[in-house]
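Worksheet: the structure to be examined is printed underneath.
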Amino acid sequence: FYRLSARLDGPTYAACAGHLQDLLCQECSPYAAHLYDAEDPSTPVRTIPGLCQDYCLEVWQKCRSIFRYLSADQELIALENNMAKFCRYLSLEDTDYCFPRLLANQNLNQNLGIVTADAEGCLQLCLVEVANGLRNPVAMVHANDGTHRFFIAEQVGLVWTYLPDRSRLEKPFLNISEAVLTSPWEGDERGFLGIVFHPKFKFNGKVYVYYSVEVRYEERIRISEFRISPADMNALDHGSERIILEIEEPASNHNGGELLFGDDGYLYIFTGDGGMAGDPFGTFGNAQNKSTLLGKVLRIDVNNNDRGPLYRIPPDNPFLNDPKARPEVYAYGVRNMWRCSFDRGEPHTKEGKGRLFCGDVGQNKYEEIDIVEKGKNYGWRAREGFSCYDKKLCANSSIDDVLPIYAYPHKMGKSVTGGYVYRGCESPNLNGLYIFGDFMSGRLMSLKEDRATGEWRYSEICMGTGQTCMFPGLINNYYQYIISFAEDEAGELYFMSTGIPSATAPHGVVYKVVDTSRRAPPGKCRIEPSPVKVKSKRILFVPKEKLIMKTPTLRPQLQATTEAPRGGRPDAEPPRAPAVDWVGQAPPPPGNRNRTPTTPAPGGRGPKPRKGGERRGQRRKKKPPSTALPLQNGAVRLMEQRGRGRSRGRVEVYINGEWGTVCDDGWSSLAAAVVCRQLGFPYVVRASKKAEFGEGTSLRILLDDVQCSGQEKTLLECDHADVGTHNCSHEEDAGVVCSREEVADW
């Protein structure tokens, strides 16, 4: 503005400086894409924003000479002396967006600072694919050294270097796969779990890692220090490892895995409670026992440790002078915190800076988000979420535990993955939004603090529909198992997920989160990475994911079971993944493309998955219409999943002319026996819950709270809630496993 205004004489400056400034500043308008016709790739981008007719006439009469300084468009300059053609050239086809009328357009401006949501309040975001082909990517970190490289760790024990152009170096940054304890089993929580760069990495070259290891048949978690190789700035010196801390793990699950450096310069370590279920160790469990390092947030000082002890205790650690506590303990009462982050703070005011957010994986009812503070007790095993778990311990007033800022039930997800408060530049409407996910259900979620009350308000995140993500390079789908979240050096937000949660399956993808409802002004977020000396071959990034215009709903083949099933050899058809029921979400499930959420994540987390897939039986040929029997109220059918003389599947019941599902509240083997007997099977192997055989999302839930004696002819004769009345979701669809012979479940 100053450069151009210096070219104007005194009278022109007095009359036109305001117009000059207004026109220049439209490049920073939230609607710049409309004003400059940048959304239509078939038209050239304008050099002057689209002007409303009356405004253009006013500017032309007083200040048309300024346009030669604003634009090099020779066609525009040639029209300078013809008012009608000049203003027609600068007009917009969509007059709602012309300047300055759009400034007063209430419909355009009333939600300008709000992320676009669908009719049910689900925030619509888009993604950019950043990396792919990874084996359970558990962490992504940056070096904070100005290079804007990012480093992605795989559960097997390899860490890869990625350059700002997303190319990967062929030589790994770190490879300790031979030392890392893990396995190909889906859901194995052991492995390489965490990595963090020292805040002064640029000067001391130190990196810290957290991984599982076996020492003399004893499983441990190990925190080690490495140094950068003096010969290659993109590789660690594998011979420089120093073991900072080792902790024995009594079980193979609940291994924690997060490492962070706080603004205080100290290293924070997040450990699990030791595993098994219910923290059964000792009188009150490991998490409540301050004399053990399990189930804790630890804080140690690893600065200036080249000589003397490998770490020291910060002088203000809360239990430093407690003889019954380990001095490393910073906070306790933790079950298995999986992914934590420090808030960078609001970009201008720094409000919120230093808050420590964590997702703590629950036992069997609730997942929770905590803000961790020094010396506080986070309740486990006395409490799970807001609910008492160990009722006797929960009633003990001396516990004095801190409640989470948010907890959600297992109807929504069963293994929380903590995220970040967005503080980046590119998506300003996301500022202050804590974004996190759930590994099992694949949900993306968010919390926003109400500054007036201090409460946190929940909003679900959906993938953008319609034209929301129809921009080059954007996609609107992701693989379902959300393993971890990350920030890059500029503060932009990412998450990692996979289609097969195995440490050896190369199906992991890294996604960048994008909000298209409002983008930062052009050039504002430009970065200039410091140069990187590369000694390894670069592997160029090739994106594989595509924008899904419309996701078809896959309806599984169903077997009408009003008659006894015949024997038959199953087809060699792979099992289809039932759709996830996304409560309150209008668009189709975002990442449900390879697997249903039945296995826990590293760091996580729920029941071990079954090995092997299920088999579908042959689809029976329909009888001729003349012999078909009319369906009676109470008739049942199952999905076509049979084998070894048994029939198994999700129960669907026919009532008043429609098929629907049955909720598993109260579902028991007695109710399952009624279904099996209807289908001609004398034996029930077991009653199935939690949508084991898929979710009937295309149907209504017709029965809930079914209570049977086992002698009824149909489920309608059992006690149940009113038809169509329920308080459950399709995540609780009931199923059965029946048999012609008396056998144990296999």
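Read in our numbering, the sequence shown has 809 at position 520, and its numbers run on one by one without any break.
Every residue, glycine too, gets a C-beta built ideally from N, C-alpha and C.
Pair within 8 Å by beta-carbon distance, residue i and residue j
{"i": "residue 777", "j": "residue 431", "result": "yes"}
{"i": "residue 429", "j": "residue 783", "result": "yes"}
{"i": "residue 284", "j": "residue 1024", "result": "Residue 284 lies beyond the range of the chain shown here (290 to 1035); nothing can be said about it."}
{"i": "residue 533", "j": "residue 600", "result": "yes"}
{"i": "residue 955", "j": "residue 996", "result": "yes"}
{"i": "residue 825", "j": "residue 583", "result": "no"}
{"i": "residue 694", "j": "residue 660", "result": "yes"}
{"i": "residue 512", "j": "residue 465", "result": "no"}
{"i": "residue 451", "j": "residue 481", "result": "no"}
{"i": "residue 419", "j": "residue 803", "result": "no"}
{"i": "residue 623", "j": "residue 705", "result": "no"}
{"i": "residue 423", "j": "residue 441", "result": "yes"}
{"i": "residue 952", "j": "residue 1027", "result": "no"}
{"i": "residue 799", "j": "residue 767", "result": "no"}
{"i": "residue 320", "j": "residue 414", "result": "no"}
{"i": "residue 683", "j": "residue 813", "result": "no"}
Best match in the options for proximity to residue i [C-alpha to C-alpha]
{"i": "residue 325", "options": "308, 294, 360", "result": "360"}
{"i": "residue 497", "options": "547, 323, 726", "result": "547"}
{"i": "residue 948", "options": "960, 970, 922, 965", "result": "922"}
{"i": "residue 635", "options": "449, 791, 780", "result": "780"}
{"i": "residue 311", "options": "388, 409, 642, 427", "result": "388"}
{"i": "residue 971", "options": "509, 977, 963", "result": "963"}
{"i": "residue 380", "options": "405, 410, 396, 349", "result": "349"}
{"i": "residue 552", "options": "337, 643, 793, 766", "result": "643"}
{"i": "residue 425", "options": "455, 299, 796", "result": "796"}
{"i": "residue 347", "options": "376, 364, 358", "result": "376"}
{"i": "residue 702", "options": "713, 719, 721, 726", "result": "726"}
Distance between residue j and residue i (C-alpha atoms, nearest Å)
{"i": "residue 685", "j": "residue 518", "result": "53 Å"}
{"i": "residue 477", "j": "residue 488", "result": "31 Å"}
{"i": "residue 1009", "j": "residue 674", "result": "30 Å"}
{"i": "residue 717", "j": "residue 291", "result": "27 Å"}
{"i": "residue 975", "j": "residue 763", "result": "45 Å"}
{"i": "residue 860", "j": "residue 617", "result": "Bear in mind that a pLDDT of 37 at residue 860, under 50, signals an unreliable position, so the number given afterwards is only what the model happens to contain. Cα-Cα distance, rounded: 58 Å."}
{"i": "residue 667", "j": "residue 657", "result": "10 Å"}
{"i": "residue 888", "j": "residue 741", "result": "Its pLDDT being 35, under 50, residue 888 is placed unreliably in this model, and the value from its coordinates should be taken loosely. Taking the straight line joining both Cα atoms gives about 40 Å."}
{"i": "residue 606", "j": "residue 663", "result": "8 Å"}
{"i": "residue 449", "j": "residue 469", "result": "16 Å"}
{"i": "residue 594", "j": "residue 405", "result": "49 Å"}
{"i": "residue 753", "j": "residue 1003", "result": "43 Å"}
{"i": "residue 987", "j": "residue 733", "result": "22 Å"}
{"i": "residue 761", "j": "residue 338", "result": "22 Å"}
{"i": "residue 586", "j": "residue 540", "result": "19 Å"}
{"i": "residue 299", "j": "residue 808", "result": "37 Å"}
{"i": "residue 490", "j": "residue 775", "result": "19 Å"}
Identified DSSP bridge partners for residue i
{"i": "residue 706", "result": "726"}
{"i": "residue 996", "result": "1008"}
{"i": "residue 376", "result": "None, per the DSSP bridge assignment."}
{"i": "residue 629", "result": "647"}
{"i": "residue 355", "result": "Its beta-bridge partners do not exist; DSSP assigns none."}
{"i": "residue 334", "result": "Answer by DSSP bridge pairing: none, since residue 334 is not bridged."}
{"i": "residue 976", "result": "1025"}
{"i": "residue 413", "result": "751"}
{"i": "residue 677", "result": "672"}
{"i": "residue 349", "result": "Note: residue 349 sits in no beta bridge, so no partner."}
{"i": "residue 550", "result": "556"}
{"i": "residue 783", "result": "775, 801"}
{"i": "residue 439", "result": "451"}
Contact set for residue i: own chain, Cβ-Cβ below 6 Å, skip 5 residues either direction
{"i": "residue 821", "result": "436"}
{"i": "residue 353", "result": "369"}
{"i": "residue 943", "result": "920, 924"}
{"i": "residue 446", "result": "465, 466, 469, 481"}
{"i": "residue 960", "result": "995, 997"}
{"i": "residue 980", "result": "1020, 1022"}
{"i": "residue 647", "result": "626, 629, 659, 661, 707"}
Proximal residues to residue i (C-beta, below 7 Å), its chain only, five neighbours per side dropped
{"i": "residue 309", "result": "290, 293, 294, 355"}
{"i": "residue 554", "result": "488, 592"}
{"i": "residue 396", "result": "none"}
{"i": "residue 456", "result": "827, 828, 829, 830"}
{"i": "residue 351", "result": "304, 305"}
{"i": "residue 837", "result": "765, 766"}
Cut-off 8 Å between Cβ atoms - residues of its own chain near residue i, not counting five sequence neighbours on either side
{"i": "residue 366", "result": "356, 357, 360"}
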